[in-house]
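Student: The structure follows.
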Amino acid sequence: MSGPDVSVVICAYTEDRWEDILAAVASVRAQSYPARETLLVVDHNPALLDRLVKEYKEVDEVRVFANAGPRGLSAGRNTGIAASRGEVIAFLDDDAVAERDWLRHFAGAYADPQVMAVGGRTVPIWASGRRPAWFPEEFDWVVGCTYRGLPSGLVRVRNVLGGNASFRRSAFDAAGGFATGIGRDGDKRPLGCEETELCIRLSRARPDAVLLIDDRAVIHHRVPEAREHFGYFRTRAYAEGLSKALVARSVGAGKGLESERRYATRVLPSGVVRGLRDAALARPGGAGRAGAIVAGVLTAAGGYVVGTVRARRGGASFSVAEIEGDGDG
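So this is what it looks like as structure tokens:
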């Protein structure tokens, strides 16, 4: 199969994920559509950088870099973009493994010159061996995975999800890179939405751009035990609200919340009804799932309100640092 050269960027920040990082790289090297190169970008961790340089010093197609920007995932991705040589740049989380045809499905979509970004489907691997009974599929984004409510098949979308995504290089030429004031910063509050903000900017810069999700491009994402608990669920939902406030400030509430309105008015109410029905039928976790959806919505809404108020107070100087002082909501 002919197609574009693809560079794969994997950002890493902690030695705690050493085995996961090796597995992620191995899954890229085993692709049926070979990557031109794999770039490992280490986020301000000299010990991990040193260790990875030694691990891959004799592997020509794997290159290791230090994050050249401020601490955080967005700057790490930007470092990878700048160092990459492929026509298409794909991103894989450091605690995920890609199925063998992952890049093949990405590459095939770029036969259409209007396609600027392609994302895939991310499946959770629960540390406990199975999904917690109370955890609603509608909130799988909390653990970085594809959630119930996203369209299936090969479909146009407003934005791709950053842990399993690819972009044509010219997309970054048109829109710039990832905003460093929005996404995650190591172990601090689990903010996100940097890929949403980028995709909205891209669509504004290139109104003819086509952004797709192909759910055949599958990765499997590890969910550690600590993220299977309601405390993390709540913290992540609150952080999502803060992140959406940042996105809305950057690109406007119209585009920044366009997909979220459908999610909140259609997908989530259906999830609550489904949970209550399961509870009525004495199925495990039904009431818990319905309750978690309601709690998640209220917590995310609270984060959004706090983020919006702080944005208005802060004016042009508003930043992630300002909203991080609030605790977990």
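So the sequence shown is residues 1 to 329, counted in UniProt numbering. Don't be surprised by glycine CBs; every beta carbon is placed ideally from N, CA and C. Quick caveat: nothing in here was measured; it's all calculated off a predicted structure.
Opposite T38 in the DSSP bridges: which residues?
Tutor: The residue you call residue 38 lines up with position 38 of the sequence shown. V8 and V62, per the DSSP bridge assignment.
Student: What does a CB cutoff of less than 7 Å around P224 pick up in its chain, not counting 5 residues either side in sequence?
Tutor: By 1-based counting over the sequence shown, the position of residue 224 is 224. Closer than 7 Å at the Cβ level, and outside the excluded window around P224, lie A127.
Student: Under the rule that 16 or more other beta-carbon atoms within 10 Å means buried, what is L281, buried or exposed?
Tutor: As a position in the sequence shown, residue 281 is number 281, starting the count at 1. Exposed: under 16 other Cβ atoms inside 10 Å.
Student: Only counting the same chain, and skipping five residues up and downstream in sequence, which positions put a Cβ closer than 6 Å to that of T196?
Tutor: Sequence index remark: in the sequence shown, residue 196 carries index 196 (1-based). These residues qualify, in order along the chain: N159 and V247.
Student: Beta-carbon within less than 8 Å of E19's beta-carbon, same chain only, minus the 5 sequence neighbours each way: which residues are those?
Tutor: Within the sequence shown, numbered from 1, the residue matching residue 19 stands at position 19. Taken in chain order, the list of residues that qualify is empty.
Student: Go through its chain and collect everything with a Cβ distance to Y232's Cβ below 7 Å, but skip five positions before and after it.
Tutor: Translated into the one-based positions of the sequence shown, residue 232 becomes position 232. So the list reads A226, once near-sequence residues are dropped.
Student: Identify the continuous beta strand (DSSP E) that holds P124 and give its terminal residues.
Tutor: The count along the sequence shown starts at 1 and reaches residue 124 at position 124. Start and end: V115 to W126.
Student: Checking the sheet assignment: what are the DSSP bridge partners for G214?
Tutor: The residue labelled residue 214 in the question sits at position 214 within the sequence shown. The residue asked about is misnamed: residue 214 is Asp in this sequence, not Gly. In DSSP, D214 forms a bridge with L154.
Student: Excluding five sequence neighbours on each side, which residues of the same chain lie with their C-beta closer than 6 Å to the C-beta of F139?
Tutor: Here residue 139 corresponds to residue number 139 of the sequence shown, with the count starting at 1. Answer for F139: G296, listed in chain order.
Student: Is the distance from the Cβ of I125 to the Cβ of H44 below 7 Å?
Tutor: Within the sequence shown, residue 125 is the residue found at index 125, counting from 1. Within the sequence shown, residue 44 is the residue found at index 44, counting from 1. It is not a contact, given that the beta carbons lie outside the stated cut-off.
Student: What number of angstroms, rounded off, separates the C-alpha of S32 from the C-alpha of R131?
Tutor: Within the sequence shown, residue 32 is the residue found at index 32, counting from 1. Within the sequence shown, residue 131 is the residue found at index 131, counting from 1. Each residue's Cα considered, the two are about 30 Å apart.
Student: Roughly how many angstroms lie between the CA atoms of R313 and D173, to the nearest whole one?
Tutor: On the sequence shown, position 313 is the one that residue 313 refers to. On the sequence shown, position 173 is the one that residue 173 refers to. Cα to Cα, the separation comes out at about 33 Å.
Student: Could you tell me whether the Cβ atoms of G120 and N164 are closer together than 7 Å?
Tutor: Indexing the sequence shown from 1 puts residue 120 at position 120. Indexing the sequence shown from 1 puts residue 164 at position 164. In contact: G120 and N164 (Cβ atoms closer than 7 Å).
Student: Whose C-beta lies closer than 6 Å to the C-beta of A75 among residues of the same chain, with five residues either side of it excluded?
Tutor: Within the sequence shown, numbered from 1, the residue matching residue 75 stands at position 75. Answer for A75: N67, G69 and T180, listed in chain order.
Student: Does the Cβ of V143 have 16 or more other Cβ atoms within 10 Å, making it buried, or fewer, making it exposed?
Tutor: Numbered from its first residue, the sequence shown carries residue 143 at position 143. Looking at its Cβ environment, which holds 16 or more other Cβ atoms inside 10 Å, V143 is buried.
Student: What do you reckon, are the CB atoms on A23 and I10 nearer than 7 Å?
Tutor: Against the sequence shown, residue 23 aligns to sequence position 23. Against the sequence shown, residue 10 aligns to sequence position 10. The answer is no: Cβ separation not under 7 Å.
Student: Hey, out of R104, L298 and A300, whose CA is closest to G3's CA?
Tutor: Position 3 of the sequence shown, counted from the start, is the residue given in the question as residue 3. Closest by alpha carbon: R104.
Student: From L52 to R168, what distance separates their C-alpha atoms?
Tutor: The residue you call residue 52 lines up with position 52 of the sequence shown. The residue you call residue 168 lines up with position 168 of the sequence shown. Each residue's alpha carbon lies about 27 Å from the other.
Student: Could you check if T265 is buried or exposed, using at least 16 other CB atoms within 10 Å of its CB as the buried criterion?
Tutor: As a first step, residue 265 is located in the sequence shown; it is residue number 265 there, counting from the start. Looking at its Cβ environment, which holds fewer than 16 other Cβ atoms inside 10 Å, T265 is exposed.
Student: Jot down the residue ranges of each uninterrupted alpha helix (DSSP H) in the stretch 268-323, minimum 4 residues, whole runs only, in chain order.
Tutor: Taking only runs of at least 4 residues, the alpha helix (DSSP H) segments lying wholly in the stretch 268-323 are 268-280, 286-314 and 320-323.
Student: Anyone know if the C-beta pair for S7 and R36 falls short of 7 Å?
Tutor: For the purposes of this step, residue 7 is identified with residue 7 of the sequence shown, where counting begins at 1. For the purposes of this step, residue 36 is identified with residue 36 of the sequence shown, where counting begins at 1. For S7 and R36, yes; Cβs fall inside 7 Å.
Student: Could you check which residue in A287, E240, S84 and L212 has the C-alpha nearest to that of L298?
Tutor: For the purposes of this step, residue 298 is identified with residue 298 of the sequence shown, where counting begins at 1. Ranking A287, E240, S84 and L212 by Cα distance to L298 puts E240 first.
Student: Is the separation between the beta-carbon of G149 and that of Y263 shorter than 7 Å?
Tutor: Walking along the sequence shown from the start, residue 149 turns up at place 149. Walking along the sequence shown from the start, residue 263 turns up at place 263. Yes, the Cβ-Cβ distance between G149 and Y263 is below 7 Å.
Student: Quick check on the DSSP output: the alpha helix (DSSP H) that includes N78 runs from which residue to which?
Tutor: To locate residue 78, count along the sequence shown from 1; it is residue 78. Looking at the DSSP string, the run of the alpha helix (DSSP H) that includes N78 is L73 to A83.
Student: What does the Cβ neighbour count give for residue 330, buried or exposed, with the cut at 16 atoms within 10 Å?
Tutor: Absent from the model: residue 330. The displayed extent of the chain is 1 to 329, so no value can be given.
Student: Do W134 and G285 have their CB atoms nearer than 7 Å?
Tutor: Walking along the sequence shown from the start, residue 134 turns up at place 134. Walking along the sequence shown from the start, residue 285 turns up at place 285. The answer is yes: Cβ separation under 7 Å.
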